[in-house]
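See below for the structure under consideration.
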Amino acid sequence: MTTPCTAPKPPPMPGFFGRYQSAIDQAMRSNLRPRQAPLFTTLRYYLGWVDTEGNYDPQPAGKRVRPTLCMLACEAAGGEPTSALPAAVSLEFVHNFSLVHDDIEDNDRTRHHRLTVWAVWGIPIAIDSGNAFLGIANLAVARLRENGIPAAVAVEVGSAIADHYLKMVEGQYLDISYEERLEVSVDEYLAMIRSKTGALIECSVYAGALVGGWNRRDRKLIDALRNVGRSLGYVFQIRDDVLGVWGGQETGKPVGADITRKKKSLPAVHAISTARGAARAKILEIYRKDSIEGEDLARVLQIMDDLRTQAYCNALAAEHWQAAKSVLESSELADGSLTNGTAGDFIELGEFLLARQA
Ligand code: GRG
Numbered sequence: 001m002t003t004p005c006t007a008p009k010p011p012p013m014p015g016f017f018g019r020y021q022s023a024i025d026q027a028m029r030s031n032l033r034p035r036q037a038p039l040f041t042t043l044r045y046y047l048g049w050v051d052t053e054g055n056y057d058p059q060p061a062g063k064r065v066r067p068t069l070c071m072l073a074c075e076a077a078g079g080e081p082t083s084a085l086p087a088a089v090s091l092e093f094v095h096n097f098s099l100v101h102d103d104i105e106d107n108d109r110t111r112h113h114r115l116t117v118w119a120v121w122g123i124p125i126a127i128d129s130g131n132a133f134l135g136i137a138n139l140a141v142a143r144l145r146e147n148g149i150p151a152a153v154a155v156e157v158g159s160a161i162a163d164h165y166l167k168m169v170e171g172q173y174l175d176i177s178y179e180e181r182l183e184v185s186v187d188e189y190l191a192m193i194r195s196k197t198g199a200l201i202e203c204s205v206y207a208g209a210l211v212g213g214w215n216r217r218d219r220k221l222i223d224a225l226r227n228v229g230r231s232l233g234y235v236f237q238i239r240d241d242v243l244g245v246w247g248g249q250e251t252g253k254p255v256g257a258d259i260t261r262k263k264k265s266l267p268a269v270h271a272i273s274t275a276r277g278a279a280r281a282k283i284l285e286i287y288r289k290d291s292i293e294g295e296d297l298a299r300v301l302q303i304m305d306d307l308r309t310q311a312y313c314n315a316l317a318a319e320h321w322q323a324a325k326s327v328l329e330s331s332e333l334a335d336g337s338l339t340n341g342t343a344g345d346f347i348e349l350g351e352f353l354l355a356r357q358a
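Put into structure tokens, the structure is as follows:
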């Protein structure tokens with residue numbers, strides 16, 4: 001029997017999320033409002049607003065982590081959080097572009113317990129749908145000027161978002177290419193997740209800090225917040241990898257999901273690189289097969305248990321979280337330069353990401 005995912009009870013979403021949720025939702029809806037062509041039903045469906053026919057049908061949506069981080073960083077740097085909404089929702093649209101395409105690439109028929117776009121409309125339409133999300137994202141961020149953000153800052157934020165989503169796409173390339181390889185080092189894995197997942201999370205904090213802090217001419221503060229975002233990206237993906245193997249109470253994923261598909265997520269990277277003797281021969285033999293199921297899956301989970309792989313992953317996530325906390329407590333951020341209470345919000349968020357169940 002393998003060790004279940006360790007968290008006594010799922011932590012609640014940090015309370016401060018509520019501060020921004022309705023503004024994010026309204027801004028996302030207003031960006032999509034002028035788009036009434038049938039294509040955009042696929043976007044509204046994916047966002048959990050309508051059913052496949054386009055009829056009102058609210059469903060549990062994504063966590064909106066990226067726009068929330070963007071608004072929190074803006075507030076932390078001294079800005080009015082709503083001034084960052086064009087960047088915040090742009091990041092959420094980019095994220096949805098990546099998820100719609102990721103569902104195709106991973107052959108995933110469901111996300112958040114609902115059919116994915118390709119599973120409903122087929123792959124060609126889902127490619128189109130993802131591309132539409134990206135177009136909407138590009139238009140959304142261009143609206144920063146309407147919130148009184150100077151052109152130079154708006155251009156910098158727009159370029160940062162484009163630059164970071166290119167990094168995300170690069171990271172996705174690496175992730176896919178690692179599936180063909182038997183052995184991937186922890187350093188290679190960390191470089192891959194820094195791009196695939198970390199780039200957009202880092203950019204969320206960076207973009208928010210730029211919008212909120214441009215008039216303070218305090219690059220140190222913006223860079224320090226950006227470093228917090230970078231560390232949170234690692235925490236986020238490592239936790240995702242733990243949930244991908246040991247399941248989460250709310251992920252809807254079966255235990256072993258990422259092993260079955262031979263993903264080189266952190267648990268596999270750790271187990272393959274640290275197993276010795278008969279365990280090493282066995283795990284390599286299993287990972288040479290086309291897919292991993294039944295007894296093979298149970299054996300890999302057993303090897304991971306023996307190697308204390310889950311504890312290793314949790315410790316690495318905690319190490320990156322510690323790095324973020326040290327920045328939050330560093331001289332750049334701890335001397336009252338952050339808006340009251342926002343350092344505590346970042347801490348609450350980090351602790352939620354470390355233990356989240358979905
Ligand atoms: C094919 C041109 C082309 C691009 C594809 C697919 C892709 C680019 C990049 C993939 C990036 C990706 C899906 C990273 C995984 C990040 C991740 C763990 C997503 C889950 O994020 P959550 O938990 O999702 O925030 P919700 O649903 O809560 O918003």
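Residue numbering for the sequence shown is 1 to 358, as defined by our numbering. Backbone N, C-alpha and C define an ideal beta-carbon position, used for all residues, glycine too. Owing to the predicted nature of the structure, the values given are computational and were not obtained by experimental measurement.
Check                                                                                                     : Outcome
Assumed close pair G198, Y173 - CB separation to whole angstroms, cut-off 8 Å                             : Contact flag wrong, Cβ pair sits at about 15 Å.
Secondary structure of V255, DSSP reduced to three states                                                 : coil
Helix, strand or coil at T82 [DSSP, three-state]                                                          : helix
Distance between beta carbons of L200 and L32, contact taken as under 8 Å                                 : Not confirmed; about 20 Å, so no contact.
C-alpha distance - T2 paired with E105, whole-angstrom precision                                          : Because the pLDDT at T2 is just 49, under 50, the model does not fix this residue reliably, and the value given afterwards should be weighed accordingly. Roughly 29 Å separates the two Cα atoms.
Whole-angstrom distance between Y165 and F359, CA atom to CA atom                                         : Nothing can be reported for residue 359: it is not among the residues displayed for the chain, which extend from 1 to 358.
Meets three-Cβ-pair contact criterion under 8 Å: the region 119–133 and the region 142–160                : no
Contact under 8 Å by Cβ, C74 with A209                                                                    : yes
Unbroken alpha helix (DSSP H) run spanning H270, endpoints                                                : 266–274
Contact belief for S273 with V186 at Cβ below 8 Å, rounded distance in angstroms                          : 7 Å
With 16 other Cβ atoms within 10 Å as the buried cut-off, status of C5                                    : With a pLDDT of only 48 at C5, under 50, the local geometry of the prediction cannot be trusted, and no value is derived from it.
Start-end ranges of the beta strand (DSSP E) lying completely within the region 40–64, minimum 3 residues : none
Proximity to V413 [Cα-Cα], best of A207, K220, L284, Q322                                                 : Shown here, the chain extends from 1 to 358; a query on residue 413 therefore has no answer.
Local Cβ density within 10 Å of S177, reported as buried at 16 or more and exposed below that             : exposed
Straight-line Cα distance separating A315 from G54                                                        : 44 Å
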